[in-house]
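Only one structure is covered here, and it is reproduced in the block below.
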Amino acid sequence: MQLAKIKRYRDNALELTWSNGQVTYITLQKLRDECPCANCKGETVLFESYQPTKLKVFVPGMYDLKKN
């Protein structure tokens, strides 16, 4: 199954349409909070672990889309 279409849904979510026709929704906050990159989640390389950097405070606009 592959992502076929993505569009903004209301002010705070995305509508994802998959190749099989299924439609799912995800909030921008959930998408941002679950970012899998090494900076957000940390990583282990050659038995050495790197801790993720954590935001200490809420940053205004961190859950907003830059473009539609």
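Residue numbers (numbering that gives the first Met the number 0): 0 to 67.
Cβ atoms here follow ideal geometry from the backbone N, Cα and C, with glycine treated the same way.
Can you tell me whether DSSP reads residue i as helix, strand or coil?
i	result
R9	coil
L15	strand
K29	helix
K4	strand
Using a Cβ-Cβ cut-off of 7 Å (strictly less than) and excluding sequence neighbours within five positions of residue i, which residues of its own chain qualify?
i	result
N38	P51, T52
Take residue i and list the residues in its own chain whose beta-carbon comes closer than 6 Å to its own, dropping the five residues that flank it on each side.
i	result
T16	A3, K4, V22
With 7 Å set as the bound, which would you pick, yes or no: does the beta-carbon of residue i sit closer than that to a beta-carbon of chain D?
i	result
M0	In the displayed structure, chain D is absent; only one protein chain is listed.
Apart from the five residues just before and just after residue i, which ones in its own chain have a Cβ nearer than 8 Å to its Cβ?
i	result
M0	W17, S18, N19, Q21
Y49	A37, G41, E42, T43
L27	N11, A12, L13, Y62, D63, L64
L30	L13
Y24	Y8, A12, L13, E14, L15
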